[in-house]
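K.L.:
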Amino acid sequence: MKLPDKQHPSLEIRDGSDLPTPFRNPFVHELRFTPLEKIRIGVMTVTVFPVRLFFAVFLMLLAWPFAFTACLGRSELAVETWWRRICDIALRVIMRAMWFCGGFHWVTVKGEPAPPSQAPILTLAPHSSYFDAIPITMTMASIVMKTESKNIPVWGTLIKFIRPVFVSRSDQDSRRKTVEEIKRRAHAGGKWPQIMIFPEGTCTNRSCLITFKPGAFIPAVPVQPVVLRYPNKMDTITWTWQGPGAFEILWLTLCQFHNPIEIEYLPLYTPSEEEKNNPALFANNVRRIMAKALELPITDLSFDDCQLSLAKGPLRVPSNSSLLQFNRLARRLGLRAGTTDTVLQQQASRARNVWGYRLGLEDFAQYLNLSVTDMLTELHSLFNQHGDGQIDVREYVIALSVACQPSKAMDTLRLAFGMYEAKEDGAIVEKELASIMRTALGVAEVDVTELFSAIDTLEAGKITHDDFCRFVVQHPDFAQEYLLSSRETPSIPHTVPLTNGFSVDHYDTEEQTCSLPGQKRKED
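So for the sequence shown, my numbering puts the first residue at 2; every next one is plus one.
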């Protein structure tokens, strides 16, 4: 598979430019430190880190009595009373002191925050870390969280104080109730606190803005976009699905001398009548405005795509894989719907029958029973390895199998061997193994010479699926050992300034929740 014309078509620039934009997997973050930075972290670990951690925990415990008192006897439907607003001020001061102890010495705020009467909903992006809670504690705005969060000791009481809209995963009707409650508060004329929503629905590495979920835009009320920036040289803030864990991020961040953060309030966005009737359009237009302010590309990738990045097994998707784009296109074309193991077997059988015929765009459209569209053209181009407008449909089936069952790599490889193996002996040659691995990893080129030689111990010049399985038992990480390792390079060079590293969740009506340090990240 390849990225056509050395650009990622799922990424766009909103200023009218058609310049190619670099693709980085937004769900992956890897830290690299220089020797000097490692020494500094080591010194800070035994000196500053324990002191900062102690005072941060102390201040959080100090905040608890205020939150507990304010929550006593409070109705979930009544507007806040005056004396509880005093607790609100005290908590803001304490929480700001807590962040100060963590190295966030000053917070740069740009723009003019709109009052709740004008903007009942605030949309924040990009969402990249649990440190994104800073603007929440500064404003004590409400959020949307799973019901179980209020039972967490200390933190649960602080959560209840900001009067979030709770989502219950055990209640089948919870999604509708959540939307109705947000609508009720949004149309209360500013009597309720503003609701802060992270419409991306998951954490990314801030390299782009992924698809906004429509939950924040269903109430059809004016929203104020808020963009977050962490302009630190060493990015210890980012907490993605693949990368440093929650405690490691906390440790490294507290070991920095200073952690800058910028919060910029953009102008109020009032939806048109068309946007009020189309939350997805409303969400996309707001996303474009925020991306322009951040000078970031936008991508149609969403939380669903990060499942490919998270998949465990021998074929872990590399950071430069075009399978993410394939997954997006296949989903939008309806090719993933109802794709079971049986359907994949049928697809493989069809592909084997036509393997000798390379398919052009029109033939590919007929094969899939679809019309020729720009989206299908883009999908077809991913497999146009030789640039002649012809593709091997077997590669499409392999990619579809990876996208539909990312955690079942061996099933995909068995399917692939079945399409490529010779009828007389059930074996494949090195060139065919290269085609399988290139497609299963979603990379432009891959050198399988060492891997093939390691499997072909008899030097027969061909291997069977059984040979391959025996090898995988002994080398479960064969892709990392033989195919990727230090040889992995992005299909597209980085052409924009990047933070250190390669390149949870506050809201969505589709079970959006807030994750805390130490908790496993999960789908919201």
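Yeah, the Cβ is synthetic: ideal placement off N, Cα and C, and Gly gets one too.
Is it a yes or a no for the stretch 409-422 touching the stretch 335-351, going by three-plus beta-carbon pairs under 8 angstroms?
P.N.:
They touch, by the three-pair rule.
K.L.:
What residues in its chain sit with their C-beta under 6 angstroms from that of Asp-467, if we drop five residues either side in the sequence?
P.N.:
Correct list: empty, nothing qualifies.
K.L.:
Is it buried or exposed for Val-373, if we count other Cβ within 10 angstroms and need 16 for buried?
P.N.:
It is exposed - the Cβ of Val-373 has fewer than 16 other Cβ atoms within 10 Å.
K.L.:
Who does Glu-263 pair with in a DSSP beta bridge?
P.N.:
According to DSSP, which records beta bridges pairwise, Glu-263 is partnered with Thr-109 and Arg-230.
K.L.:
Work out the CA separation of His-387 and Gly-528 for me, nearest whole Å.
P.N.:
Nothing about residue 528 can be read from this structure; the chain reaches only from 2 to 525.
K.L.:
Using the C-alpha atoms, what's the distance from Cys-470 back to Lys-521?
P.N.:
Reliability fails at Lys-521, whose pLDDT of 42 lies under 50, so the model's placement of it is uncertain and no value is given.
K.L.:
Can you round the beta-carbon distance between Met-96 and Thr-70 to whole angstroms, since I take them to be within the 8 angstroms contact cut?
P.N.:
Not really, about 16 angstroms apart at Cβ, beyond 8 angstroms.
K.L.:
Roughly how many whole angstroms lie between the Cα atoms of Arg-41 and Val-49?
P.N.:
In a straight line, the C-alpha of Arg-41 is about 11 angstroms away from that of Val-49.
K.L.:
Measuring from the CB of Ser-150, is there a heavy atom of the ligand COA at a distance below 6 angstroms?
P.N.:
Looking for the ligand COA in the displayed structure turns up nothing, as the structure carries no ligands at all.
K.L.:
Measuring CB to CB, does Val-205 end up less than 7 angstroms from Pro-127?
P.N.:
Correcting the residue identity first, residue 205 is Thr in this sequence and not Val. Against a cut-off of 7 angstroms, the Cβ pair of Pro-127 and Thr-205 comes out as a contact.
K.L.:
On the DSSP bridge list, what partners appear for Tyr-270?
P.N.:
Partner(s): Val-224.
K.L.:
Sorted by chain position, which residues of the same chain lie with C-beta nearer than 6 angstroms to Pro-215's C-beta, five sequence neighbours on each side aside?
P.N.:
So the list reads Pro-280, Ala-281 and Ala-284, once near-sequence residues are dropped.
K.L.:
What is the rounded straight-line gap between the Cα of Met-197 and the Cα of Ile-144?
P.N.:
For Met-197 and Ile-144, the distance between alpha carbons rounds to 5 angstroms.
K.L.:
Quick check on Lys-184: does DSSP put it in helix, strand or coil?
P.N.:
If DSSP states are grouped into helix, strand and coil, Lys-184 belongs with the helices.
K.L.:
Drop a sphere of 10 angstroms on the beta-carbon of Pro-268, count the other beta-carbons inside from all chains shown, and report buried for 16 or more, exposed for fewer.
P.N.:
That one is exposed.
K.L.:
Which residue wins for smallest C-alpha separation from Phe-199, given the options Phe-218, Ser-208, Lys-184 and Met-376?
P.N.:
Per the Cα distances, Phe-218.
K.L.:
Mind checking whether Pro-51 and Cys-209 have CB atoms under 7 angstroms apart?
P.N.:
Taking 7 angstroms as the Cβ cut-off, Pro-51 and Cys-209 do not qualify as a contacting pair.
K.L.:
Please classify Ala-423 as buried or exposed, where buried requires at least 16 other C-beta atoms within 10 Å of its C-beta.
P.N.:
Ala-423 should be labelled exposed.
K.L.:
Under a Cβ-count criterion, where at least 16 other Cβ atoms within 10 Å of its own Cβ denotes burial, should Gly-202 be classed as buried or exposed?
P.N.:
So Gly-202 ends up on the buried side.
K.L.:
Taking the alpha-carbon positions, what's the Ser-303 to Ala-461 distance?
P.N.:
Their Cα atoms are separated by approximately 45 angstroms.
K.L.:
CA-CA distance, Thr-271 and His-188?
P.N.:
For Thr-271 and His-188, the distance between alpha carbons rounds to 14 angstroms.
K.L.:
Express the C-alpha separation of Phe-132 and Trp-107 in angstroms, rounding to a whole number.
P.N.:
Going from the Cα of Trp-107 to the Cα of Phe-132 covers about 14 angstroms.
K.L.:
Whose C-alpha, out of Thr-465, Val-228, Asp-426 and Ser-175, is nearest the C-alpha of Pro-114?
P.N.:
The candidate whose alpha carbon is nearest that of Pro-114 is Val-228.
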